[in-house]
Amino acid sequence: MEIQIVFRIAAVGILVAVVGQVLQRAGRDDMAMLTTLAGLVVVLFWVIEYVSQLFDTIRTLFDL
Amino acid sequence: MELFQLIAVGITGAILIVTVKQHKPEIALALALVIGVLLLFMASGFLETILNTLRDMADQAGLSSGQWQLLIKLLVAGYVIEFGSEICKDAGQQALAAKLQMGGRLIMAGLALPVFKSLLTLITELLT
Chain D
768 MEIQIVFRIA AVGILVAVVG QVLQRAGRDD MAMLTTLAGL VVVLFWVIEY
818 VSQLFDTIRT LFDL
Chain C
5 MELFQLIAVG ITGAILIVTV KQHKPEIALA LALVIGVLLL FMASGFLETI
55 LNTLRDMADQ AGLSSGQWQL LIKLLVAGYV IEFGSEICKD AGQQALAAKL
105 QMGGRLIMAG LALPVFKSLL TLITELLT
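Chains as they are written, first to last, in the numbering used here: chain D, 768 to 831; chain C, 5 to 132.
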């Protein structure tokens, strides 16, 4: 499961970039900006959840 | 073997980060963070055995569990603070990384203060 999250985030990054480009070509810069923000929020959710998982493991491992 | 997996993940991660960085630097930073966490997870398998042997050695040396707990807390605090400040450096925020490290030092000094005080009282008793 571990490597999945890495590829998922990379895929979201590239997808957001492509969608942003397409929207910019279509003249909808505001929509491109919004898709970028949406992608960033999704990625941040995964990252925060993953880092909190790491800190929990550390806490249980070192029984702090 | 665990080592080659670690290296493979590191290199593919670096390549992924570079590709994403051209278009979306902020997502590349998040990707770098996740890959770092993944590498730590992969390496944490050995941590259990290391910790047990260290605890046995500490018990033999006569270290009380409180001191051992404090030692481990300081060790973990050091690495976690370094983890955070390196991420800030990755993002180009040198000042932020320095502030984070300063805060970390203050917290660790606060943790270690009672032990230091007991050491000083011990020394003064020896001298008088």
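The beta carbon of each residue, even a glycine, is placed where N, CA and C say it ideally should be.
Can you say whether residue i is buried or exposed, counting buried as having 16 or more other CB atoms within 10 angstroms of its CB?
i, result
"A32 of chain C", "buried"
"A28 of chain C", "This sequence places Lys at residue 28 of chain C; Ala is not what is there. Buried."
"S89 of chain C", "buried"
"I91 of chain C", "buried"
"G107 of chain C", "exposed"
"I85 of chain C", "buried"
"Y817 of chain D", "buried"
"I815 of chain D", "exposed"
"L110 of chain C", "exposed"
"V785 of chain D", "exposed"
"T128 of chain C", "exposed"
"G806 of chain D", "buried"
"I772 of chain D", "buried"
"L42 of chain C", "buried"
"L20 of chain C", "buried"
What residues from chain E crowd round residue i, counting only those whose CB sits closer than 8 Å?
i, result
"T802 of chain D", "Protein chains D and C are contained in the structure displayed, whereas chain E is not."
List the whole-angstrom C-beta distance separating residue i from residue j, where the pair is believed to meet the contact cut-off of C-beta under 8 Å.
i, j, result
"I76 of chain C", "F812 of chain D", "In fact, because the Cβ distance is near 31 Å, the residues do not count as touching under 8 Å."
"L126 of chain C", "L78 of chain C", "Actually they are not in contact, since the Cβ atoms of L126 of chain C and L78 of chain C sit about 20 Å apart, beyond 8 Å."
"L777 of chain D", "V13 of chain C", "For the sequence presented, residue 777 of chain D should be read as Ala rather than Leu. Not really, about 13 Å apart at Cβ, beyond 8 Å."
*Note down, in chain order, all residues in the stretch 35–58 of chain C with a beta-carbon under 8 Å from any beta-carbon belonging to chain D.*
L35, L37, V38, I39, V41, L42, L44, F45, M46, S48, L51, E52 and L55
*Considering only residues of the stretch 17–102 of chain C, which uninterrupted alpha helix (DSSP H) runs meet the minimum length of 4 residues and lie entirely inside it, listed in chain order?*
DSSP runs (the alpha helix (DSSP H)) wholly in the stretch 17–102 of chain C: 29–47, 51–65 and 69–94.
*Going along the chain, which residues of the stretch 95–129 of chain C sit with their C-beta nearer than 8 Å to a C-beta in chain D?*
none
*Below 9 Å between beta carbons is the criterion; list the residues of the stretch 777–798 of chain D that meet it against any residue of chain C, in chain order.*
A777, V779, G780, I781, V783, A784, V785, G787 and Q788
_To be precise: take each residue of the stretch 71–85 of chain C, compare its Cβ to all Cβ atoms of chain D, and keep it if any distance is under 7 Å. Which residues remain?_
I76, K77 and V80
*May I ask you to list, following chain order, the residues of the stretch 805–829 of chain D that have a beta carbon less than 9 Å from some beta carbon of chain C?*
From the stretch 805–829 of chain D, only G806, L807, V810, L811, W813, V814, Y817, V818, Q820, L821, F822, T824, I825, R826, L828 and F829 have a Cβ closer than 9 Å to chain C.
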